[in-house]
Each structure stands twice: as C-alpha cells, then as structure tokens.
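Numbering (this note's numbering), first residue to last: 100 to 574.
Ideal placement from N, C-alpha and C gives every residue a C-beta, glycine not left out.
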Ligand code: 5AD
Ligand code: SF4
C-alpha cells in the first residue's frame, strides 16, 4: 500500500539517513557531530556544506548519535508530514539527551527557517535553530549553546551561495555527487513554502562550480547533478572588466560537460516556463549530458495552474513536452504532481490524468495538497477538498503512473544502454546497480571481475519491473 502522501519521493530511501564522511577519521577531531537529512536533494547537499564548516572547527562526523557532542537534523517543511517526521525524530532523541545531557541538538534547514525561535518553545529539547543561509555561523552558535543558552540564526541572505566551501562528501558512493549551483527561489508558486524558507534566488559563481566538478572528476567521481530549485534561471555575470555577457544555464551545462566526456552531467529541477531551446540543444549536443529532465507540471488544468501561479497553461506545458521529444526522442521525463489543490474539480483532476497520459512520464513524484502556513494559497484560497477526496485522486494518479512506468520499462526490453556502475545492487552483492542516461536504475550480474564502481558498461535489458530494468553486460 502506498504512503498516502506520496508514492515515491526523491531519494526516499535516504530520508533521515545519517551520514559520516569516509575520508574523515573522527579520531582526528576533538568533538563529534551526527547529522540526518530530510527532504530534497538540496538539503542533502547542504549537509555536506555543514560538515565542511564543522570540520574546520574541530568536529568529525559520526554515524552513531549516541556518541555525538552535536546532533543535527537538516529539515524539510514542504508538506506537513515532513515536519511531523522531524518532530517524531526529536521525540526519539529525548532518550539520547537523558543519557548524555551535554549533547547539543540543532535543527537546521527549512523547518528552522519557517518556525524560527518558536521552535525552541515548541520543542524544548532543541538547543539551536539555524536557517539555510546561516551555516557559516554554526561554530559560533555551538559555542553559544555550549554555555547553556539557546542559539538562533535564521537570517536569510541575498548573496550567500557557500561558493568557496568545499563540501565534505558524506556517505558518498565515490561516483555520483550533487553540486549546488544556486539557492532560493523567486517563483512564488502559491502552494510552496520554499521561497519563504530558502529566500531569494541567487546563482553561484560559475568558476567555483566548474572547479568543484573538475575536482570531483579528478577524485574518481563520474557523475555530477547540478542542483537548484529552478536551474534554468541560473544567471551569473562574471566579475571581470572584460566580461560583458552573463553565463546562462545552457552555457554552464556546456562548460561542465566539457570537463571530460567521461563525466556525466545531470541537473534538477527545471521549471517548464524557464527551460529553453538552448538548454535542450546543449543536452542533445553532448553525449555526457544525461537525457533526462525533471519537469514538474503540478496540475493538468489551466485554471488550477493559474491558481498555483505556475505561469504556464496546459497547452504550453504539452508543447514543451513535444519540443523535448522533438529535439531528443530518447529523453526521459519525470514530473511532480499535486492532487486536490484548492477548488480542484473532478473534471480538473481528469485533466491531470489526461496530461499525464499524453506526457508519458517515466516517473512522477506525487503528493496530495498540504496547506502550508504563510503561502499565497493559504492566505488566498480555502483548502476545501476533503481529505478522502484528495487521497482518492492521488491514488488514481499513482495507479496511472505505476502503469506508465511499467510500460515505459517494458519498451526498453531488448535495448542496450550505456550504464555507469554505482555499486552493489541493494538485494545482492553478486549484482551491480547503475543508471542509464535516462536515469533508469538497471541491475545486472557481475560477470567481469575487472569492472568496478565508476566503470561504464553496455547492458542489454532482458527483464523489468515498474521500478527497475534488469539485464546483462554485453560488449
Ligand atoms: N503540498 C503538496 N505538495 C507540495 N509540493 C510543494 N509544496 C507542496 C504542498 N504545499 C510538491 C510540488 C513540488 C515538490 C517538490 O513538492 O509538487 O514540485
Ligand atoms: Fe516552490 Fe515553485 Fe520555487 Fe519549486 S519553483 S521551489 S514549487 S516556488
């Protein structure tokens, strides 16, 4: 039975995962921190920045929260359920604090930003509340909290991109890494809390992005995912007298692709209104830019899209899907969909289903609407779709997507894909797992002992489920 909120969230398997960097021997540090990340990939990436800042002030990472001097939860506010999960986790940590009263507990990320000092009143266990733009001040906040005071910094910034900080790769497979290229969001989709928790959009210096990607490649990584809430609006004006032209996302993609043909490039997330032909042609031009676009639609009804402030119509979105397929017929497309937004009629729900059927998504992240305090929708519209109706609509959306995912995988039977080996499959050490350019997970037996994670292989697909392709290595 599917989770009622979402059938599949991004990196669901990693939610709340505890991290410890491989390369850092905690014995070299005077104190230990433990961090769990929730929510989107951006939070996981931010935790790596936090790890770097803490390492510089003498904290090594541990996987065992019972031995930690500092326990951090990097939190998500996107839906109410995400916040409930964190509150439950804080409750679990009560025991840890009883056993180790000196341990400090900090809440980072979106929930810290949304609730600010109020979180300290609501959750007595919490010693520190730190918003997403305030991580540089963490060492000072820890010192403050060590004196027994509660420490809060939730200031948002118009400039902070942490461009100069080399993230400490946490629990990494050594092959794939996230690279943040921008922060914040200016879009103001009416349902979304992100513009309030992550602030104004700002892009990171192109050179620091390229340097980070090159460094990853030189250290054996074979894939980078460029991360931002809205990557297509990336915009960087180089700070040099001869630079007259800003760097666009298409140009950034090209520069990263040119680092080495063996370095795969992915990106997320694209806003349909901003993804340009330039981006699509750049993707088509370079083999190592993966043919996969996460293009959240949210709803298939133009009226609902308008209420959501998405700034495109159903027809405009569908034309974008057509354009992607025209330029890259083999491109994978995935989406985010919200069921039961304010005032959504049954007919408008059907519009979402028909748009999904037309777009033939390989994968979708599906949610029912969860009103978030302070958002435009919370202020302007009534959350008037009864919960059981939302859940039934979500069920229908999930059913259709599951069927389409299976069909999409069945179409791949008999095809051969270039796969980047990421590691052992979850189920068996006798099998590798890796993804194709279209971002589909592929599992296949280890037949050639000279292959290692990071190798590229061609895999012929012989079987599939709705979630995985299964095959064999071919020459
Ligand atoms: N309720 C339900 N889903 C939401 N999302 C964002 N805000 C909400 C909300 N209030 C979904 C959108 C977005 C994804 C990251 O989360 O589909 O694209
Ligand atoms: Fe939220 Fe819309 Fe920005 Fe995505 S684009 S983070 S949904 S406001």
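Based on Cα-Cα distance, which residue from 149, 164 and 163 lies nearest to residue 157?
149
Using CA coordinates, which residue listed in 251, 163, 372 and 388 is at the minimum distance from residue 231?
251
Kindly provide the chain-ordered list of residues whose Cβ lies closer than 6 Å to any non-hydrogen atom of the ligand 5AD.
177, 178, 290, 291, 395, 397, 435, 437, 466, 468, 469 and 471
According to DSSP, residue 308 sits in a beta bridge with which residue or residues?
Note: residue 308 sits in no beta bridge, so no partner.
Please classify residue 321: does DSSP put it in a helix, a strand, or coil?
coil
What do you reckon, is the C-beta of residue 328 under 7 Å from a heavy atom of the ligand SF4?
yes
Alpha-carbon to alpha-carbon, residue 551 and residue 563:
23 Å
Could you give the residue range of the alpha helix (DSSP H) that holds residue 457?
445–458
Hey, which unbroken runs of the alpha helix (DSSP H) at 4 residues or more fall wholly within the segment 466–529?
475–479 and 486–509
What's the gap between the Cα of residue 283 and the Cα of residue 573?
44 Å
Short Cβ contact (8 Å threshold) for residue 320 with residue 275:
yes
Can you tell me whether residue 448 sits near the ligand SF4, meaning its C-beta is under 7 Å from at least one heavy atom of the ligand?
no
Could you pull the start and end residues of the alpha helix (DSSP H) that residue 563 belongs to?
Premise fails: residue 563 lies in the beta strand (DSSP E), 555–563, not in any alpha helix (DSSP H).
Per DSSP, which residues does residue 289 bridge with? Please list them.
DSSP, once it has assigned bridges, lists no residue as partnering residue 289.
Pair within 8 Å by beta-carbon distance, residue 278 and residue 312
yes
Does DSSP put residue 420 in a helix, in a strand, or in coil?
helix
In the DSSP assignment, what are the bridge partners of residue 228?
206 and 251
Closer than 6 Å by C-beta to residue 518: which residues in its own chain qualify, once you throw out the five before and the five after it? Chain order, please.
533, 535, 541, 556 and 558
Report the rounded CA-to-CA distance for residue 388 versus residue 289, giving the unit in angstroms.
32 Å
What is the residue span of the alpha helix (DSSP H) that residue 148 lies within?
140–155
Since residue 379 and residue 422 are thought to touch, with beta carbons under 8 Å apart, how far apart are those beta carbons, to the nearest angstrom?
7 Å
Apart from the five residues on each side of it in sequence, which residues of its chain come closer than 7 Å, Cβ to Cβ, to residue 166?
131
CA-to-CA distance, residue 281 to residue 360, given in whole angstroms
24 Å
Using three-state DSSP, classify residue 268 as helix, strand or coil.
coil
Using beta-carbon positions only, say whether residue 570 and residue 543 come within less than 8 Å of one another.
yes
Buried or exposed, going by whether 16 or more other CB atoms sit within 10 Å of the CB of residue 171?
buried
Any idea if residue 340 is buried or exposed, counting beta-carbon neighbours within 10 angstroms, 16 or more meaning buried?
exposed
Is residue 137 helix, strand or coil by DSSP?
coil
Going by C-alpha distance, which of 129, 178 and 191 is nearest residue 168?
129
Work out the CA separation of residue 560 and residue 515 for me, nearest whole Å.
6 Å
Find out if the Cβ-Cβ distance for the pair residue 331, residue 370 is shorter than 8 Å.
yes
If I follow the unbroken beta strand (DSSP E) through residue 376, where does it start and stop?
Run containing residue 376: none in the beta strand (DSSP E); it sits in the alpha helix (DSSP H), 376–384.
Kindly indicate the opening and closing residues of the alpha helix (DSSP H) around residue 599.
Not covered by the structure: residue 599. The range shown for the chain is 100 to 574.
For the ligand SF4, is there any heavy atom lying closer than 7 Å to the beta carbon of residue 393?
no
Through-space distance from residue 256 to residue 465, alpha-carbon basis:
31 Å
Go ahead and pull the three-state DSSP assignment for residue 359.
coil
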